[in-house]
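Our numbering puts the first residue of the sequence shown at 1, with every later residue one more than the last.
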Amino acid sequence: QNPDLAEELVQESLVAALTARRSFSERSSERTWLIGILKHKLVDHFRATASRYGPLDESTDSVERVTFTSRGLWGVCMARWSGNPTTGVEKEEFWRVFRECMDHLPGSMNSAFCLREIEQMNSEEVCQVLGITPSNLWTQLHRARLRLRGCLEENWFKKPSGRRK
1 QNPDLAEELV
11 QESLVAALTA
21 RRSFSERSSE
31 RTWLIGILKH
41 KLVDHFRATA
51 SRYGPLDEST
61 DSVERVTFTS
71 RGLWGVCMAR
81 WSGNPTTGVE
91 KEEFWRVFRE
101 CMDHLPGSMN
111 SAFCLREIEQ
121 MNSEEVCQVL
131 GITPSNLWTQ
141 LHRARLRLRG
151 CLEENWFKKP
161 SGRRK
């Protein structure tokens, strides 16, 4: 999502690898070893981000109040999508819009979604990294999906078809 952050994490990983090069036991390829170091740096980043923002305060989020009726039914209809959603996600412009939508998620919600859905970590690992309970993780993922859905509908699916080539 953030090229500067990605570059910084890669640089930190390379510095860590150079510092620990004597401890490399060659039981795996150098690439696997370096990716492992990078993964640890990524987890450390998300852990720091989560602790900075703390757990989600349920009273501050109005997404559910806007999206659902008081009886828990959908209060907002999904936008009609023109074209095939599968081909839409193959477009570079879609991913730019997706990244912008991700940037608007609060820090802890963004971290939870990235670790679970993008990094494909299991829920237990995500809870451990972020220091949250499974129910808090579920709440954050639910709200992240709702916000992403709304943002994508507004900024991608509802745009005139002439915008997408």
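The beta carbon of each residue, even a glycine, is placed where N, CA and C say it ideally should be.
Under the three-state reduction of DSSP, Ile132 is assigned to coil, being neither helix nor strand. The beta carbon of Trp156 is closer than 7 Å to those of Phe94 and Val97 in its chain, skipping five residues each way along the sequence. Per DSSP, reduced to three states, the secondary structure at Glu119 is coil, with no helix or strand assignment. No Cβ-Cβ contact shorter than 8 Å links Arg21 with Val129.
Restricting attention to Ile118, Cys114 and Leu137, the CA atom closest to the CA of Glu124 is found in Leu137. Put simply, the backbone Cα of Glu26 is about 21 Å away from that of Glu12. Classified as buried, Leu105 has 16 or more neighbouring CB atoms from the shown chains inside 10 Å of its CB.
A direct Cα-to-Cα measurement between Val10 and Trp33 gives close to 13 Å.
About 5 Å separates the CB atoms of Leu115 and Met121; that is less than 8 Å, so the two are in contact.
An exposed status is given to Ser28, since fewer than 16 other beta-carbon atoms sit within 10 Å of its beta-carbon. Collapsing the DSSP output to three states places His104 in coil.
In the DSSP assignment, Ala17 falls within the alpha helix (DSSP H) that extends over Pro3 to Thr19. Judged by DSSP in its simplified three-state form, Phe24 adopts coil rather than helix or strand. Between Ala16 and Ile37, the C-beta gap is smaller than 8 Å, which places the two residues in contact. Glu7 and Leu148 have their C-alpha atoms spaced approximately 25 Å apart. Note on Leu152: 16 or more other CB atoms within 10 angstroms of its CB, so buried under the neighbour-count rule. Close CB contacts of Cys101 within its chain, under the 8 Å cut and outside five residues either way in sequence, are with Arg147, Leu148, Cys151, Leu152 and Asn155 (chain order).
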